[in-house]
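Its first residue numbered 620, the sequence shown is counted upward by one per residue in our numbering.
Glycine is no exception: its CB is placed at the ideal position from the N, C-alpha and C atoms.
For reference, the structure discussed in these notes is given below.
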Amino acid sequence: MYKIAVLVSGSGSNLQALIDNIESGFLNCKIQCVISDKPGVFALERAKKAGIDTYVADKKEYKDELSDKILSLIDGKVDLIVLAGYLSILKGKIIEQFKNRVINIHPSLIPSFMGNGMYGLKVHKAAIEYGVKVTGCTVHIVDEGTDTGPIILQRTVTVLEGDSEETLQKRVLEEEHKALSEAVKLYIEGKIKVQGRKIFVI
Ligand code: GRF
Numbered sequence: 620m621y622k623i624a625v626l627v628s629g630s631g632s633n634l635q636a637l638i639d640n641i642e643s644g645f646l647n648c649k650i651q652c653v654i655s656d657k658p659g660v661f662a663l664e665r666a667k668k669a670g671i672d673t674y675v676a677d678k679k680e681y682k683d684e685l686s687d688k689i690l691s692l693i694d695g696k697v698d699l700i701v702l703a704g705y706l707s708i709l710k711g712k713i714i715e716q717f718k719n720r721v722i723n724i725h726p727s728l729i730p731s732f733m734g735n736g737m738y739g740l741k742v743h744k745a746a747i748e749y750g751v752k753v754t755g756c757t758v759h760i761v762d763e764g765t766d767t768g769p770i771i772l773q774r775t776v777t778v779l780e781g782d783s784e785e786t787l788q789k790r791v792l793e794e795e796h797k798a799l800s801e802a803v804k805l806y807i808e809g810k811i812k813v814q815g816r817k818i819f820v821i
């Protein structure tokens, strides 16, 4: 059985989409565990309700050791690491050991509105202020940078006149929930081929 670890930091709506898609049979995999870098977040409640093992590796406690702590929790136990609203940066051994097997969902069409400080509503505020007509979300491989890894897939969302960050975020999240599960499915089925910055679905 293909096993994934899901890393979270907040509400966990992307995690919930994975849980729902496993229950529906769209995804043939098991969520081995959910790890949060912050205690008390709703994503942990979602995991517990679904009977999934949870851990809190508190970023305030582990600081620069956070990535190594997470690696110690999952090493040898999962095939893929999925960042689903996870806000800390993974670095060091975990990125090497899980090369091309850590993926992240970002709420914009990378390379727009990405990088340090670009998360949550800030991303949608920047898109609205820039005046883009189309935004969306990106699932990408995680490398040592912030939102810089090769792109697996993207989904687009039209920006409507009068959109607020909140109304835009809501529509983008709906696409994120589809995109992340589509990307996980490609991994489960062994259809991802990475060539430098390019990813091919074989
Ligand atoms: C989402 O917009 C995701 O793209 C970003 O964090 C936000 C929160 O997601 N990385 P979730 O509801 O916690 O899954």
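On the three-state DSSP scale, how would you describe residue i?
i, result
"Asn723", "strand"
"Ser628", "coil"
"Tyr806", "helix"
"Ser655", "strand"
"Lys668", "helix"
"Val697", "coil"
"Phe661", "helix"
"Tyr681", "helix"
"Lys752", "coil"
"Arg774", "strand"
"Leu779", "coil"
"Ile714", "helix"
Could you tell me the alpha carbon to alpha carbon distance between residue i and residue j, rounded to whole angstroms?
i, j, result
"Leu699", "Tyr738", "23 angstroms"
"Ala802", "Leu728", "15 angstroms"
"Asn719", "Ala662", "25 angstroms"
"Ile834", "Ser655", "Shown here, the chain extends from 620 to 821; a query on residue 834 therefore has no answer."
"Glu684", "Ile714", "14 angstroms"
"Val622", "Gln651", "Looking at the sequence shown, residue 622 is not Val but Lys. Lys622 and Gln651: Cα-Cα distance of roughly 6 angstroms."
"Gly695", "Ala624", "11 angstroms"
"Leu772", "Gln716", "23 angstroms"
"Glu664", "Asn633", "13 angstroms"
"Ile722", "Lys679", "23 angstroms"
Please work out which residues of its chain come closer than 7 angstroms, Cβ to Cβ, to residue i, disregarding the five sequence neighbours upstream and downstream, and give them in chain order.
i, result
"Gly768", "His759, Ile760, Val761, Asp762"
Output needed for residue i: all residues of its chain with C-beta closer than 6 angstroms, excluding positions within five of it in sequence on either side, in chain order.
i, result
"Ala746", "Phe732, Thr754"
Please return the same chain residues whose Cβ sits closer than 8 angstroms to the Cβ of residue i, not counting the five positions on each side in sequence.
i, result
"Val751", "Ser731, Val778"
"Lys667", "Thr673"
"Asp677", "Asp656, Lys657, Pro658"
Is it right to say residue i is buried, meaning 16 or more other beta carbons lie within 10 angstroms of its own, or is it exposed?
i, result
"Arg816", "exposed"
"Ser783", "exposed"
"Val791", "buried"
"Asn640", "buried"
"Leu709", "buried"
"Ser643", "exposed"
"Glu780", "exposed"
"Thr775", "exposed"
"Val697", "buried"
"Gly631", "buried"
"Leu740", "exposed"
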